[in-house]
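**Q** Count along the sequence shown starting at 1, add 14, and that's the number in our numbering. Even for Gly, the Cβ is constructed at its ideal location relative to N, Cα and C. So that we are looking at the same thing, I have put the structure below in structure tokens.
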Amino acid sequence: MKLTLRQRQVVWAYIFMSVSLLFFIVIRWYPTILAFNISFRDWNVFAGSGEWTGLENYRDLWEDALKPRSAVRAAFWNTIRYVAFGVPLQMVAALGVALLLMQIRRLSGFFRAAYFVPFVTSFVAVAFVWNWLFAPQVGLINQILSALGLPMQMFLRDPDLALPSITFVAVWRSIGFAIIIFLAGLQQIPDMYYEAARIDGANAWQLF
Numbered sequence: 015m016k017l018t019l020r021q022r023q024v025v026w027a028y029i030f031m032s033v034s035l036l037f038f039i040v041i042r043w044y045p046t047i048l049a050f051n052i053s054f055r056d057w058n059v060f061a062g063s064g065e066w067t068g069l070e071n072y073r074d075l076w077e078d079a080l081k082p083r084s085a086v087r088a089a090f091w092n093t094i095r096y097v098a099f100g101v102p103l104q105m106v107a108a109l110g111v112a113l114l115l116m117q118i119r120r121l122s123g124f125f126r127a128a129y130f131v132p133f134v135t136s137f138v139a140v141a142f143v144w145n146w147l148f149a150p151q152v153g154l155i156n157q158i159l160s161a162l163g164l165p166m167q168m169f170l171r172d173p174d175l176a177l178p179s180i181t182f183v184a185v186w187r188s189i190g191f192a193i194i195i196f197l198a199g200l201q202q203i204p205d206m207y208y209e210a211a212r213i214d215g216a217n218a219w220q221l222f
């Protein structure tokens with residue numbers, strides 16, 4: 015049976031979609047299901063196995079959350095603070111960078127790629143580099159502070175600096191994707207609207 019052009023297009027569309035779906039299942043679903051299974055076991059990381067304990071881990075988690083000095087409660091509020099500050103910071107910074115990139119005419123592709131590189135870099139590589147940058151004695155940032163006559167900081171050990179430092183790294187790594195999204199939207203706005211606004215005397219803020 016010979017397929018029509020339309021049928022061949024549909025078949026190829028499903029083939030391409032299946033590749034993406036398979037990738038999503040392997041990267042997202044399988045780790046999620048595996049983590050859910052581990053949560054019901056007394057897991058041994060080195061052995062790669064664990065005995066079934068049922069809801070015991072969840073019971074311990076709940077009991078720990080009720081303690082005055084609870085690690086679970088501290089982790090919960092740290093997550094809330096991370097989201098409350100990290101997400102708005104990422105959106106504002108990405109929009110600002112996207113607006114600046116819209117003004118660049120030369121080497122615009124280079125700068126856009128440069129901002130996107132951290133997003134496609136592995137978490138392990140990012141963590142390794144920033145762990146060195148934040149290092150107390152040999153880290154580049156502390157070396158710069160020392161050269162300027164400023165005290166060195168324990169970025170990842172000080173309770174007041176650890177969360178902001180991690181939030182900054184997370185924003186730095188993920189900002190590239192948000193920049194691409196904003197650029198795609200900004201480029202869809204016809205130039206005629208900007209030109210008309212300039213003729214009417216609009217300033218930079220009004221153009222924005």
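If we ignore side chains and look at the alpha-carbon of each, how far apart do Asn71 and Gln157 end up?
**A** 44 Å
**Q** Between which residues of its own chain and Val185 is the CB-CB distance below 7 Å, once the five residues before and five after are set aside?
**A** Gly100, Leu103, Gln104, Ala107
**Q** How is the beta strand (DSSP E) around Arg55 delimited, first residue to last?
**A** 55-58
**Q** Helix, strand or coil: which one does DSSP assign to Ser63?
**A** strand
**Q** When you compare only the Cα positions, how much space is there between Gln201 and Ala149?
**A** 41 Å
**Q** Which two residues bound the contiguous alpha helix (DSSP H) that contains Asp14?
**A** Nothing can be reported for residue 14: it is not among the residues displayed for the chain, which extend from 15 to 222.
**Q** For the 8 Å Cβ check, are there 3 or more pairs between the region 82-101 and the region 157-171?
**A** no
**Q** Can you tell me where the alpha helix (DSSP H) with Pro132 in it begins and where it stops?
**A** 122-134
**Q** Which of helix, strand or coil does DSSP assign to Thr181?
**A** In this structure, Thr181 counts as helix in the three-state DSSP scheme.
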